[in-house]
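Notes follow the structure.
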Amino acid sequence: MVKILIVEDSRSQSGMIVNEVRSRGNLLPLLAESFSQAKELLEANPGTFFAALLDLHLPDAPHGEIVDLVLEHGVASIVFTGEFNDELRERMLAKRVVDYVIKENTSSIVHVVSQVERLIRNQEIKVLVVDDSRSARKMIVELLKIHKFKTVEAEDGVMAMEVLAQNPDVLLVLTDYNMPHMDGFELTRKIRRLYTKNQVAIIGLSSHSNNLLSARFLKRGANDFIAKPCLTEEFFVRVTQNVEIIEYIHALKDAAIKDFLTGLPNRRHFMDIGEKWHAHAVNTTITLIAGTMDIDFFKKVNDTYGHEAGDLVLKRVSALIKPLVDGTDLVARVGGEEFSVLLVNKSSEAAYAWFEQLRTEIQAMEIPYNDHILRVTISIGVCQTPGESLAEMLDIADKRLYDAKRSGRNRVSVAN
Numbered sequence: 003m004v005k006i007l008i009v010e011d012s013r014s015q016s017g018m019i020v021n022e023v024r025s026r027g028n029l030l031p032l033l034a035e036s037f038s039q040a041k042e043l044l045e046a047n048p049g050t051f052f053a054a055l056l057d058l059h060l061p062d063a064p065h066g067e068i069v070d071l072v073l074e075h076g077v078a079s080i081v082f083t084g085e086f087n088d089e090l091r092e093r094m095l096a097k098r099v100v101d102y103v104i105k106e107n108t109s110s111i112v113h114v115v116s117q118v119e120r121l122i123r124n125q126e127i128k129v130l131v132v133d134d135s136r137s138a139r140k141m142i143v144e145l146l147k148i149h150k151f152k153t154v155e156a157e158d159g160v161m162a163m164e165v166l167a168q169n170p171d172v173l174l175v176l177t178d179y180n181m182p183h184m185d186g187f188e189l190t191r192k193i194r195r196l197y198t199k200n201q202v203a204i205i206g207l208s209s210h211s212n213n214l215l216s217a218r219f220l221k222r223g224a225n226d227f228i229a230k231p232c233l234t235e236e237f238f239v240r241v242t243q244n245v246e247i248i249e250y251i252h253a254l255k256d257a258a259i260k261d262f263l264t265g266l267p268n269r270r271h272f273m274d275i276g277e278k279w280h281a282h283a284v285n286t287t288i289t290l291i292a293g294t295m296d297i298d299f300f301k302k303v304n305d306t307y308g309h310e311a312g313d314l315v316l317k318r319v320s321a322l323i324k325p326l327v328d329g330t331d332l333v334a335r336v337g338g339e340e341f342s343v344l345l346v347n348k349s350s351e352a353a354y355a356w357f358e359q360l361r362t363e364i365q366a367m368e369i370p371y372n373d374h375i376l377r378v379t380i381s382i383g384v385c386q387t388p389g390e391s392l393a394e395m396l397d398i399a400d401k402r403l404y405d406a407k408r409s410g411r412n413r414v415s416v417a418n
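Given below as structure tokens:
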């Protein structure tokens with residue numbers, strides 16, 4: 003659970019904020035109703051708060067002193083206030099708070115908690131900052147770090163391409179236009195030869211007053227353009243929007259190839275990739291071994307404890323399988339309680355040991371559910387010959403699965 007400090011003296015406001023934070027599932031709210039209570043919580047939990055939601059005006063600190071206190075403890079802070087003016091805005095942004103949100107209605111509470119979740123996700127987002135000005139790069143990097151982004155830097159387009167090759171997980175590139183060796187236009191063009199807009203977002207930056215720059219950046223494949231200098235709020239809104247568009251596209255792609263309950267690939271993805279492996283194996287020395295697995299007496303779990311318990315079993319079994327699968331191997335949930343596996347370049351002995359390890363680990367697994375401990379076993383059928391197609395291999399594995407069921411379940415049956 004991610005600890006979130008909430009500092010709010012209004013009981014009605016704090017109750018709504020705490021409830022919204024709890025509703026997200028992975029967030030643990032700790033409430034302070036005063037400056038002194040917040041100080042006690044921070045000192046009692048050093049280094050454990052991920053973020054803080056702060057009311058500015060407290061009974062024992064009416065002038066926003068809470069912001070300095072929390073920032074001194076290195077906690078990312080979002081100010082949640084009923085007051086707004088230009089002087090306050092400048093003062094809060096100068097303190098490097100993540101954001102300030104105006105208390106207007108319940109949608110404001112939803113927004114501020116969503117900001118926290120955005121910060122959590124940002125920890126996995128890598129941004130490449132490209133500018134020949136060291137001071138400009140430093141300023142942008144510092145802004146991005148306030149919002150928890152990971153950053154890498156380059157001083158021109160040539161170096162940017164090298165950094166990008168070393169960091170294939172970069173999701174966003176912020177590039178200046180006017181740079182030596184390779185300008186922002188050429189960098190954008192080169193990146194687009196490698197990555198689409200849905201894979202890596204590019205935001206062009208420039209302090210030039212030429213209005214055509216933005217259009218020229220966009221025509222070369224940039225997702226967006228920001229004229230320097232810009233408001234801090236605009237910078238983060240544009241960065242966040244571009245990141246979230248790519249995240250949404252990735253989520254849609256995942257939904258098309260993954261089982262929604264377990265997160266494992268679905269049957270369609272398994273067959274698509276598996277058939278490519280099979281075609282490749284026919285003309286090479288690659289070995290393929292297919293397995294079909296079924297949770298024993300799964301219907302009894304649903305009938306006895308309900309479908310919620312059944313879903314939990316499927317999730318726990320899937321979570322156990324995932325770390326056992328190598329990078330080239332395939333595993334999928336292909337039916338209700340049925341899974342398929344394709345092991346690549348494993349010997350018959352190694353494959354049998356893999357299936358046996360899986361079987362014994364599932365047999366030993368305990369799954370707490372309400373006041374019960376659920377235990378399940380799994381039966382496995384294995385095909386060790388490539389056959390004419392992947393479908394034929396799975397058909398043979400299915401027959402061995404039925405043999406394992408007939409022989410008493412909780413065993414591995416191999417077709418020689």
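Taking the numbering used here, I'd label the letters of the sequence shown as residues 3 to 418.
Built from N, CA and C at the ideal position, the CB exists for glycine as well.
Just so you know, these numbers come straight off a predicted model, no measurement behind them.
Alpha carbon to alpha carbon, what distance is there between residue j and residue i?
i, j, result
"residue 106", "residue 22", "15 angstroms"
"residue 11", "residue 307", "44 angstroms"
"residue 298", "residue 272", "22 angstroms"
"residue 264", "residue 114", "30 angstroms"
"residue 127", "residue 177", "17 angstroms"
"residue 1", "residue 398", "Examination of residue 1 is not possible in this model, given that the chain is present from 3 through 418 alone."
"residue 245", "residue 183", "28 angstroms"
"residue 348", "residue 289", "7 angstroms"
"residue 229", "residue 219", "12 angstroms"
"residue 337", "residue 395", "17 angstroms"
"residue 2", "residue 377", "What the structure shows of the chain is the stretch from 3 to 418, and residue 2 is not part of that stretch, so it cannot be assessed."
"residue 381", "residue 403", "6 angstroms"
"residue 374", "residue 322", "20 angstroms"
"residue 324", "residue 129", "29 angstroms"
"residue 162", "residue 156", "5 angstroms"
"residue 53", "residue 167", "33 angstroms"
"residue 67", "residue 189", "45 angstroms"
"residue 141", "residue 25", "36 angstroms"
"residue 80", "residue 209", "29 angstroms"
"residue 112", "residue 15", "12 angstroms"
Could you give the C-beta distance for residue i and residue j, rounded to a whole number, given that I count them as a contact under 8 angstroms?
i, j, result
"residue 9", "residue 29", "With 8 angstroms as the limit, residue 9 and residue 29 do not qualify as a contact, their Cβ atoms being about 15 angstroms apart."
"residue 386", "residue 291", "5 angstroms"
"residue 410", "residue 344", "The pair is not a contact, with the Cβ atoms about 26 angstroms apart (cut-off 8 angstroms)."
"residue 37", "residue 55", "Contact doesn't hold; Cβ gap of about 15 angstroms is too wide."
"residue 334", "residue 231", "Not quite, the Cβ-Cβ distance comes to about 51 angstroms (not below 8 angstroms), so this is no contact."
"residue 175", "residue 204", "5 angstroms"
"residue 71", "residue 40", "7 angstroms"
"residue 145", "residue 234", "7 angstroms"
What does the Cβ neighbour count give for residue i, buried or exposed, with the cut at 16 atoms within 10 Å?
i, result
"residue 108", "exposed"
"residue 285", "exposed"
"residue 87", "exposed"
"residue 158", "buried"
"residue 123", "exposed"
"residue 370", "exposed"
"residue 76", "exposed"
"residue 136", "exposed"
"residue 305", "exposed"
"residue 328", "exposed"
Every unbroken alpha helix (DSSP H) inside the region 158-222 [4 residues or more] = The region 158-222 contains these whole alpha helix (DSSP H) runs: 159-168, 186-196, 214-221.
Looking at C-beta atoms only, is the number of pairs between the region 140-156 and the region 190-205 that lie closer than 8 angstroms three or more?
No contact exists between the region 140-156 and the region 190-205.
Check whether the region 232-246 and the region 307-324 are in contact - that is, three or more C-beta pairs closer than 8 angstroms. The region 232-246, when compared against the region 307-324, does not touch it at the 8 angstroms Cβ threshold.
Taking 8 angstroms as the threshold, find out whether the region 118-134 comes into contact with the region 84-98 through three or more Cβ pairs.
Touching, no.
Whole beta strand (DSSP E) runs in the region 256-337 with 3 or more residues, listed along the chain? Runs of the beta strand (DSSP E) inside the region 256-337: 290-297, 332-335.
Contiguous alpha helix (DSSP H) assignments of at least 4 residues, all confined to the region 377-418: DSSP runs (the alpha helix (DSSP H)) wholly in the region 377-418: 392-408.
Counting only runs of 4+ residues fully inside the region 98-139, write out the alpha helix (DSSP H) ranges in chain order.
List check, alpha helix (DSSP H) in window: 108-124.
* Asked: What are the start and end residues of each continuous alpha helix (DSSP H) run of 4 or more residues lying completely inside the region 3-29, in chain order?
  -> Within the region 3-29, the runs of alpha helix (DSSP H) that reach at least 4 residues and sit entirely inside it are, in chain order, 13-25.
Exercise. Taking the runs of the beta strand (DSSP E) that are 3 residues or longer, which of them lie wholly in the region 23-72?
Worked result: If only uninterrupted beta strand (DSSP E) runs of at least 3 residues are considered, those enclosed by the region 23-72 are 29-34, 51-56.
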